[in-house]
Each structure stands twice: as C-alpha cells, then as structure tokens.
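In what follows, a structure is listed as structure tokens, so that the remarks can point back to it.
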Amino acid sequence: MVVYALWVINKTGGLIFDREFASGLPELSTNAFLKFASAFHTQHAIAAQLSPVPDCKGIEVIEAECFKLFCYETPTAIKFIVITDSTVQVVDSLLRDIYQLYSDYVLKNPFYEVEQPIRVEHWETKLAQLVGEWNV
Amino acid sequence: STVGGCRMIYALYIFNRTGSCIHFSEWHRTRPVPNAEQRDQEFKLMAGFLYSLKQFITTLSTKKENDSLICYKTNKYKLHYYETATGQRLAITTDLTVPDMRDELQKLYSAFFVEYVIKDPLYTPNTVISNPLFKENLDKWIKKLPAYATQPPYS
Numbered sequence: 001m002v003v004y005a006l007w008v009i010n011k012t013g014g015l016i017f018d019r020e021f022a023s024g025l026p027e028l029s030t031n032a033f034l035k036f037a038s039a040f041h042t043q044h045a046i047a048a049q050l051s052p053v054p055d056c057k058g059i060e061v062i063e064a065e066c067f068k069l070f071c072y073e074t075p076t077a078i079k080f081i082v083i084t085d086s087t088v089q090v091v092d093s094l095l096r097d098i099y100q101l102y103s104d105y106v107l108k109n110p111f112y113e114v115e116q117p118i119r120v121e122h123w124e125t126k127l128a129q130l131v132g133e134w135n136v
Numbered sequence: 137s138t139v140g141g142c143r144m145i146y147a148l149y150i151f152n153r154t155g156s157c158i159h160f161s162e163w164h165r166t167r168p169v170p171n172a173e174q175r176d177q178e179f180k181l182m183a184g185f186l187y188s189l190k191q192f193i194t195t196l197s198t199k200k201e202n203d204s205l206i207c208y209k210t211n212k213y214k215l216h217y218y219e220t221a222t223g224q225r226l227a228i229t230t231d232l233t234v235p236d237m238r239d240e241l242q243k244l245y246s247a248f249f250v251e252y253v254i255k256d257p258l259y260t261p262n263t264v265i266s267n268p269l270f271k272e273n274l275d276k277w278i279k280k281l282p283a284y285a286t287q288p289p290y291s
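Here it is, written out as structure tokens:
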C-alpha cells in the first residue's frame, strides 16, 4: 500500500500544491503536472455531465493497471487528489485527514490567500507525517 | 424513492478506433430522452473524454502505453472500460454496486462483436452496427447478467 503523490487543485483547475511521497510514478516536469491538474479538473466535470443518472458530482476514483487515483472535492470546490499503487482499496480517511490539515494549517494561516499556491511549512511537515504513516 | 443496493446496468457504448460510436444501448434511463443531435454530442463527448482519460493514464503510468483505464467511479455511477487490440473501445456504465466488469466486456466482444459483426460478410469495418442479431442477442445476454436488475431504482 503506497501513496505516491498528492495534488491539490483550486476551483478553477489550477494546481496549487503537488508533492511526491514515494517513487513509483514517472519523472515529470512541473509543467506536465500543471497540465495534468487542468486536464483532470475538466475530466472530473465531464464525467458528471455524462452521468446516466442525475446528481452526479464528478470522478472520485480512477483505476488503471499500475495506479489508482482518488479525488475528494470539498464543498468549496478544492480537490485533493491522491495517487496510489493499485493495491489500495480505500483512502477516505486519508483524504479527510488531509482536508483537516489543510483547514488547520493552510486556511487558518493569515498570510495564505485562498486559491493561491500553497507554501506553508507546517502543512508540509504535518502532511509528510500523515502520509509517512500510510507508507510504512 | 431509491431501492438500496440495487445492481443496475445503464448503458453500453462501443467506439471504433477513430472514436466514432458504432453501437449504443441503454437500459433504465432516468434522464430526459435527448434528440438525435444531442445524442450525437453525447457520443462525441464520451469518445473524447475516454480518449483524454487514456492519454492521462499512459502519461502517469510507469507502464506507459501498456497501461489502460480499468474503470472509474463517481458518486453516482461507475464506468467500466475495455479496449481491444484492434482499437475498438467498449464502455459500460453501471451503478456503484456492480463489481469489475472486464470479463463481461471481454465476453461481450468475443461472443457478440466478433460473432455477429466481424464475421458478418455484409459489415463494413468501422461503421455503425446495424445487424439486429447483434443488438438482440446482446440485449438478452445483458438482461440475464446478475448486475442487471429488473426494477429501476428511481420511481
């Protein structure tokens, strides 16, 4: 059970945070990640449009052969995306904990402006600790 | 009211290698019925969407082009995907309780697509499937699957 990476996407599809926690994904440039974030943001919305039933909110899990991608969208349209290996079944609690850390260390930081790239040391430390527990 | 934990198959799309929709079946539709133009838009959107998901996955994966979408889930439905070696793309939307349908999609391809479409001497490759045997037999088979419920979940 390995968590490879976390991305945080703001409500317009901009990547505001990305961190790799374990190797297992291909080497990609920052530009590539920005493109991904924006691509995923669109795909998330299109999946809701294509829904055969009403009230669909968007993609929550993508399963490929080598990895899985889990997405949690907050009520304020921030998306937390966690990319893991294919053995992981459920990461709900991890996503909720990440959101909790975001609320406590990022949103409550008076110098942080919402929707902007996140550069908060405490958040990064706590995050590393949290994911470290998962990756043991 | 909804029937809890009810299995349901919603729709099947088959696209050829250039992304045109060559077959579409649906069951238990709850959204309003679209007209032909809206239908066409939906197919184009689905084809483009599946293609972009495929690109997304091959770039993110260490297996590159050999990796493929297995399925994705939203809060309301699941889409199972299977792409053949010849580039035919099958996508089936179901409710969330239905487990992996890759085997069924493979079966669908070999038992119905190959039998009634590929082996049909009147069929031109990559065109819309018009053979009624394909549709009828496929329909009968889908309705017998455990994933298909007879009672629509929304009333």
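Line by line, the protein sequences give chains A and B.
Yeah, the first sequence ends on 136 if you go by this note's numbering, and it's all consecutive.
Yeah, the second sequence ends on 291 if you go by this note's numbering, and it's all consecutive.
Don't be surprised by glycine CBs; every beta carbon is placed ideally from N, CA and C.
So for residue i, helix, strand or coil by DSSP?
{"i": "R99/B", "result": "Outside the shown range of chain B (137 to 291) lies residue 99/B, about which nothing can therefore be said."}
{"i": "V131/A", "result": "helix"}
{"i": "Y284/B", "result": "coil"}
{"i": "H216/B", "result": "strand"}
{"i": "E73/A", "result": "strand"}
{"i": "I98/A", "result": "helix"}
{"i": "W7/A", "result": "strand"}
{"i": "S103/A", "result": "helix"}
{"i": "V136/A", "result": "coil"}
{"i": "K126/A", "result": "helix"}
{"i": "K243/B", "result": "helix"}
{"i": "F111/A", "result": "coil"}
{"i": "I254/B", "result": "helix"}
{"i": "T229/B", "result": "strand"}
{"i": "L28/A", "result": "coil"}
{"i": "D92/A", "result": "helix"}
{"i": "F151/B", "result": "strand"}
{"i": "A45/A", "result": "helix"}
{"i": "V139/B", "result": "Since pLDDT at V139/B reaches only 45, below the 50 mark, its modelled position is unreliable, and no value is offered."}
{"i": "S291/B", "result": "Note that S291/B scores a pLDDT of 46, beneath 50, so its modelled location is shaky and nothing firm can be said."}
{"i": "K276/B", "result": "helix"}
{"i": "A221/B", "result": "coil"}
{"i": "K35/A", "result": "helix"}
{"i": "L50/A", "result": "coil"}
{"i": "K68/A", "result": "strand"}
{"i": "K57/A", "result": "coil"}
{"i": "G13/A", "result": "coil"}
{"i": "F21/A", "result": "coil"}
Pick out whichever of the options has its Cα sitting closest to the Cα of residue i.
{"i": "T229/B", "options": "A48/A, N31/A, F21/A", "result": "A48/A"}
{"i": "Y149/B", "options": "T233/B, A221/B, K190/B, A183/B", "result": "A183/B"}
{"i": "P75/A", "options": "V131/A, E20/A, G58/A, L127/A", "result": "G58/A"}
{"i": "E209/B", "options": "Q43/A, Y102/A, L107/A", "result": "In the sequence on display, residue 209/B carries Lys and not Glu. The shortest Cα separation from K209/B among Q43/A, Y102/A, L107/A belongs to Q43/A."}
{"i": "I31/A", "options": "E60/A, G24/A, I16/A", "result": "Looking at the sequence shown, residue 31/A is not Ile but Asn. Minimum Cα distance to N31/A is reached at I16/A."}
{"i": "R225/B", "options": "L189/B, L232/B, P168/B, E251/B", "result": "L189/B"}
{"i": "F36/A", "options": "L50/A, G13/A, P54/A, V61/A", "result": "G13/A"}
{"i": "Y146/B", "options": "A227/B, N211/B, T220/B", "result": "A227/B"}
{"i": "W123/A", "options": "D104/A, V114/A, F111/A, E133/A", "result": "D104/A"}
{"i": "G132/A", "options": "W7/A, A22/A, L95/A", "result": "A22/A"}
{"i": "Y99/A", "options": "S86/A, P110/A, A77/A", "result": "A77/A"}
{"i": "R165/B", "options": "V136/A, L50/A, L107/A, L94/A", "result": "L50/A"}
{"i": "K68/A", "options": "L25/A, S93/A, S38/A", "result": "L25/A"}
{"i": "S93/A", "options": "S29/A, V82/A, E20/A", "result": "V82/A"}
{"i": "K276/B", "options": "D256/B, N202/B, E162/B", "result": "E162/B"}
{"i": "V106/A", "options": "V88/A, Y4/A, V8/A", "result": "V8/A"}
{"i": "V250/B", "options": "R153/B, L196/B, F270/B", "result": "F270/B"}
{"i": "A285/B", "options": "H159/B, T154/B, D203/B, D231/B", "result": "D231/B"}
{"i": "K279/B", "options": "E240/B, T260/B, S204/B", "result": "E240/B"}
{"i": "Q129/A", "options": "D97/A, R119/A, I118/A, D85/A", "result": "D97/A"}
Rounded to whole angstroms, how far is the Cβ of residue i from the Cβ of residue j, which I believe are closer than 8 Å?
{"i": "L181/B", "j": "I46/A", "result": "7 Å"}
{"i": "L274/B", "j": "L244/B", "result": "7 Å"}
{"i": "C71/A", "j": "K79/A", "result": "6 Å"}
{"i": "V61/A", "j": "Y213/B", "result": "With 8 Å as the limit, V61/A and Y213/B do not qualify as a contact, their Cβ atoms being about 12 Å apart."}
{"i": "C157/B", "j": "F179/B", "result": "4 Å"}
{"i": "Y218/B", "j": "L186/B", "result": "Their Cβ separation, rounded to whole angstroms, is 11 Å, which puts Y218/B and L186/B out of contact at 8 Å."}
{"i": "R143/B", "j": "V253/B", "result": "Contact doesn't hold; Cβ gap of about 27 Å is too wide."}
In chain C, what lies closer than 9 Å to residue i by C-beta?
{"i": "L25/A", "result": "This model lacks chain C altogether, as its protein chains are A and B."}
Could you tell me if the beta carbon of residue i falls within a distance shorter than 7 Å of some heavy atom in the ligand COA?
{"i": "K279/B", "result": "Because no ligand of any kind appears in the structure shown, any question about the ligand COA cannot be addressed here."}
Quiz item: Using Cβ-Cβ distances below 9 Å, what residues of the stretch 164 to 181 of chain B are close to chain A?
Solution: H164, R165, T166, R167, E178, L181
Practice problem: Give the residues from the stretch 200 to 214 of chain B that approach chain A closer than 7 Å (Cβ to any Cβ), ordered along the chain. | Solution: D203, S204, L205, I206, C207, Y208, K209, T210, N211, K212, Y213
Quiz item: What residues in the stretch 44 to 66 of chain A have a beta carbon less than 8 Å from any beta carbon of chain B?
Solution: I46, A47, A48, Q49, L50, S51, P52, V53, P54, D55, C56, K57, G58, I59, E60, V61, I62, E63, A64, E65, C66
Quiz prompt | Residues in the stretch 226 to 259 of chain B having any Cβ partner in chain A nearer than 7 Å | solution = T229
Quiz item: Name the residues in the stretch 4 to 37 of chain A whose C-beta lies less than 8 Å from a C-beta of chain B; which are they?
Solution: G24, L25, P26, L28, A32, F36
Quiz item: Of all the beta strand (DSSP E) runs that stay within the bounds of the stretch 163 to 215 of chain B, which reach a length of 3 or more residues?
Solution: 205 to 210
Quiz prompt | Residues of the stretch 143 to 158 of chain B with Cβ closer than 7 Å to any Cβ of chain A, in chain order | solution = Y146, A147
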